[in-house]
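Worksheet: the structure to be examined is printed underneath.
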Amino acid sequence: MKMFGPKSVSSYLFYVFRLGAIGSLVLALFILLSFVIGNYELKDGRFTIPFPLFPYFDVKGDYKTSIIISITLVLIYGGGFLYSLSMILKSFKSAVLFSPAAIRHLKILAMINILVFPIVYLSLRLIILNISIMNGIHNLILSLIFGVFLLFIAAIFKRGLKVQNENDLTI
56 MKMFGPKSVS SYLFYVFRLG AIGSLVLALF ILLSFVIGNY ELKDGRFTIP
106 FPLFPYFDVK GDYKTSIIIS ITLVLIYGGG FLYSLSMILK SFKSAVLFSP
156 AAIRHLKILA MINILVFPIV YLSLRLIILN ISIMNGIHNL ILSLIFGVFL
206 LFIAAIFKRG LKVQNENDLT I
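Per my numbering, the sequence shown starts with residue 56, numbered consecutively.
Shown next, in the form of structure tokens:
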């Protein structure tokens, strides 16, 4: 099976990641709406939100504002990350691999990893949950490495687009 183009691995992964992004954002919205309308049970300081479509699945956690905010922020960040990743895969579905859209989406995902993740991660750990950062520093480092790697890939794609355009002009 081919990696790029229509009916390729990137085409199928686009749908998987887009579905994951939508699912993550819908779950965050469902949790927030459940708290607003009172669709949850409290028992011993813990909340349980029943899931309407799957009776065996429910969302549980400590009934604290910090926990609810952290769950919501993680789901929103995850949805945005998966959506951005699906946009990269969408640009890989086209017949032309080196495109301005692919470069733009690679840079957006890089900035999400270099700027957004550290802000969300540090605010969750230090401000909202009051947890030391030292036992989770590897997540921050991995995100920064991934972001820099994506910037390198975006630069390679930019060079590939330039060569492709020069090649098209000579033909």
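Cβ coordinates follow ideal geometry from the N, Cα and C atoms, glycine included.
Computed from a prediction, not measured in an experiment: that's the story for all the values here.
Proximity of G215 and F147 at Cβ, strictly below 9 angstroms: In this structure, G215 lies away from F147, with their beta-carbon atoms at least 9 angstroms apart.
List the whole-angstrom C-beta distance separating D113 from R101, where the pair is believed to meet the contact cut-off of C-beta under 8 angstroms. Rounded to whole angstroms, the Cβ separation of D113 and R101 is 11 angstroms, and the two are not in contact under 8 angstroms.
Return helix, strand or coil for F201, following the three-state DSSP convention. F201 falls in the helix class under three-state DSSP.
Taking DSSP's pairing of strands, which residues face F102 in a bridge? Looking at the DSSP output, F102 shares a beta bridge with L97 and G116.
Contact check, T127 vs L87 under 8 angstroms by CB: the rounded distance? Confirmed, about 6 angstroms.
I'd like the list of long-range same chain contacts for L137, defined as Cβ closer than 6 angstroms, with 5 residues on each side in sequence excluded. Taking L137 as the centre and dropping the five residues before and after it, the same chain places the C-beta of F72, G75 and A76 closer than 6 angstroms to its C-beta, in chain order.
If we count Cβ pairs, one from each stretch, closer than 8 angstroms, do we get three or more for the stretch 161-175 versus the stretch 78-95? Three or more beta-carbon pairs separated by less than 8 angstroms are not found between the stretch 161-175 and the stretch 78-95, which leaves the two stretches without contact.
With 16 other Cβ atoms within 10 Å as the buried cut-off, status of S125: So S125 ends up on the buried side.
Own chain, CB closer than 6 angstroms to L140, minus 5 neighbours either side, in chain order: Taken in chain order, the residues that qualify are F72.
By how many angstroms is the C-alpha of P105 removed from the C-alpha of G93? Near 11 angstroms, if we compare the C-alpha coordinates of P105 and G93.
Compare the Cα-Cα distances from F201 to each of A83, F172 and A156 and report the closest residue. Of the candidates A83, F172 and A156, the one whose C-alpha sits nearest the C-alpha of F201 is F172.
Minimum C-alpha distance to V64 - residue among T103, G135, L144 and L205: If we check each option's Cα against that of V64, L144 comes out closest.
Distance, N220 Cα to L197 Cα: A direct Cα-Cα distance of roughly 34 angstroms separates L197 from N220.
Residue environment, F69, which counts as buried when at least 16 other CB atoms sit within 10 Å: Classification for F69: buried.
How would you write the range of the alpha helix (DSSP H) that Y70 sits in, first residue to last? V64 to I92 is the span of the alpha helix (DSSP H), which, as asked, contains Y70.
Any idea what DSSP makes of S149, helix, strand or coil? Three-state result, S149: coil.
Compute the Euclidean distance between the alpha carbons of I30 and L199, then round it to the nearest angstrom. Because the chain here runs from 56 to 226, residue 30 falls outside it and cannot be looked at.
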